[in-house]
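In order, the protein sequence lines correspond to chains U and H. Here the first sequence stands for residues 3 to 191, where the numbers follow the working numbering. Here the second sequence stands for residues 3 to 191, where the numbers follow the working numbering. Ideal Cβ positions, reconstructed from N, Cα and C, are used throughout, including at glycine. Keep in mind that this is a model prediction, so the values were computed, not measured.
There are 2 protein chains.
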Amino acid sequence: MTTEVKSGPRQRLLDTAAALAYREGVGVGVDALCKAAGVSKRSMYQLFESKDALLAASLESRATRFAALFLPPPDSGRSPRERILDVFRQVEAQAGVQEYRGCPYLAVQVELKDEDHPASRVARRVKEQLIDFFRTEAASGGASDPDLLARQLALVFDGASARAGIKADDLAGLLEPTLAALLDAAGVR
Amino acid sequence: MTTEVKSGPRQRLLDTAAALAYREGVGVGVDALCKAAGVSKRSMYQLFESKDALLAASLESRATRFAALFLPPPDSGRSPRERILDVFRQVEAQAGVQEYRGCPYLAVQVELKDEDHPASRVARRVKEQLIDFFRTEAASGGASDPDLLARQLALVFDGASARAGIKADDLAGLLEPTLAALLDAAGVR
Chain U
3 MTTEVKSGPR
13 QRLLDTAAAL
23 AYREGVGVGV
33 DALCKAAGVS
43 KRSMYQLFES
53 KDALLAASLE
63 SRATRFAALF
73 LPPPDSGRSP
83 RERILDVFRQ
93 VEAQAGVQEY
103 RGCPYLAVQV
113 ELKDEDHPAS
123 RVARRVKEQL
133 IDFFRTEAAS
143 GGASDPDLLA
153 RQLALVFDGA
163 SARAGIKADD
173 LAGLLEPTLA
183 ALLDAAGVR
Chain H
3 MTTEVKSGPR
13 QRLLDTAAAL
23 AYREGVGVGV
33 DALCKAAGVS
43 KRSMYQLFES
53 KDALLAASLE
63 SRATRFAALF
73 LPPPDSGRSP
83 RERILDVFRQ
93 VEAQAGVQEY
103 RGCPYLAVQV
113 ELKDEDHPAS
123 RVARRVKEQL
133 IDFFRTEAAS
143 GGASDPDLLA
153 RQLALVFDGA
163 SARAGIKADD
173 LAGLLEPTLA
183 ALLDAAGVR
């Protein structure tokens, strides 16, 4: 016998907002969100100040999963170069998923067009963790300019995610030589 | 004495749709579009089948300007490497504009999340011209794999546009070394 643990209205709203905004965009309406989550609008507004606040919280709630998906554990025992390449192997794997629509944090910022929106601020913070990881690994790997390499890797991450998300490129055979050129030029062996 | 030539309702709708979608996103409503263009909804629907059709036509109407902005003229007399670099000098210059929100064609595709939408199809076609330019110059410049280099340059174009558009990177000092690494690795001197 299995025991089904039903998540509460708060968690259902967070999960639904993350899923619907990713699939349909941040313009998804409050009515549609509440209906899909099985929560009344009254309850939603008791739990969250606004749709914007719900959207921001839903992105925040996925941050741990995002980090676990892309960032190798600290004790992975691989070289900085390999640890950086691991992130992009994951990007390439994600691109093969039918429902893939690119990096959710990039998409939200592109769609909102407002860097002061609460959801944009969460997205920027989550992506800063990724860039911090790149910078740390670049420095450990002896990059001539770790900050420059981190910015280059962020550019490749977002460019690859975006192009795969809009189905303009399947990334096959693209990322490995691109990263090799950048890592070689930075002196990360 | 100056003679003011007022554009007709069709052109006003095209210009308004391009400007508002770029600034606020594709979710901008028909009422807001018509009001800003000074055109009745009735007239809009006589001129365009739907808001989607208007959006697609507005992107199409900017394609020539986009090409003129980014693609050097055929007789520019510069080397393929310099002609490729010219495109990205323009990207960096655009990123410095306060109202810059990234590549409008990428943004529309990210926002619509539907590669079959008429506006996504126009956007993809316009960007294909850019990739064709990259491929042709890569081949002329002796790239070991012109198709790979063209995909890499498209990735950098979209990654740079997106990151500058969301104000995550001002691109200063970023693109020149990134392109140098990719062009050197491809053997384009």
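Please list the partners that A109(H) has in chain U, where partner means a Cβ-to-Cβ separation under 9 Å. V112, E113 and K115
Counting only Cβ pairs nearer than 8 Å, list the residues of chain H close to L176(U). L150, R153, Q154 and L157
Contacts that T180(H) makes with chain U (C-beta to C-beta distance below 8 Å): Q154, L157 and L184
Can you find a CB in chain U that lies within less than 7 Å of the CB of G27(H)? yes
Can at least three beta-carbon pairs, one atom from the stretch 80 to 93 of chain U and one from the stretch 150 to 164 of chain U, be found at a separation below 8 Å? yes
Quick check on the DSSP output: the alpha helix (DSSP H) that includes P148(U) runs from which residue to which? P148 to G167
Per-residue DSSP class, three states only, for A145(U): coil
Uninterrupted alpha helix (DSSP H) stretches inside the stretch 55 to 119 of chain U (no shorter than 4 residues): 65 to 72, 82 to 97 and 106 to 114
In chain order, what residues of the same chain lie with their CB nearer than 6 Å to the CB of P82(H), ignoring the 5 residues before and after it? E139, S142 and G143
Straight-line Cα distance separating R103(U) from G175(U): 20 Å
Beta-carbon proximity check, R25(H) vs L49(H), cutoff 7 Å: no
Any beta-carbon of chain U closer than 7 Å to the one on G161(H)? yes
Run down chain H in chain order and give the residues with a C-beta less than 7 Å from the C-beta of G104(U). V112
For the alpha helix (DSSP H) that contains E178(U), what are its first and last residues? L177 to A188
Please report how far the alpha carbon of V41(U) lies from the alpha carbon of L15(U), in whole angstroms. 7 Å
Less than 8 Å between the CB atoms is what I'm expecting for L150(U) and A162(U), so what's the real figure, rounded? That belief does not hold up - the Cβ atoms of L150(U) and A162(U) are roughly 18 Å apart, past 8 Å.
How many whole angstroms separate the CB atoms of L114(U) and V89(U), which I take to be in contact at a CB cut-off of 8 Å? Actually they do not touch by this definition, with Cβ atoms about 25 Å apart.
If V28(H) sits next to K43(H), beta carbons under 8 Å apart, how far is it from one beta carbon to the other, in whole angstroms? Incorrect: roughly 18 Å between the Cβ atoms, too far for contact.
Proximity below 7 Å, CB of A20(U) to CB of S45(U): no
To the nearest angstrom, report how far apart C36(H) and D116(H) are at their CA atoms. 25 Å
Inter-stretch contact (C-beta, 8 Å, three-pair minimum) for the stretch 54 to 69 of chain H and the stretch 120 to 132 of chain H: yes
Which chain U residues sit within Cβ distance under 7 Å of K43(H)? Correct list: empty, because the minimum Cβ distance to chain U is about 20 Å.
Check this for me: beta carbons of A38(H) and T66(H), under 7 Å apart or not? no
Check the Cβ-Cβ distances between A164(H) and every residue of chain U, and say whether any is below 7 Å. yes
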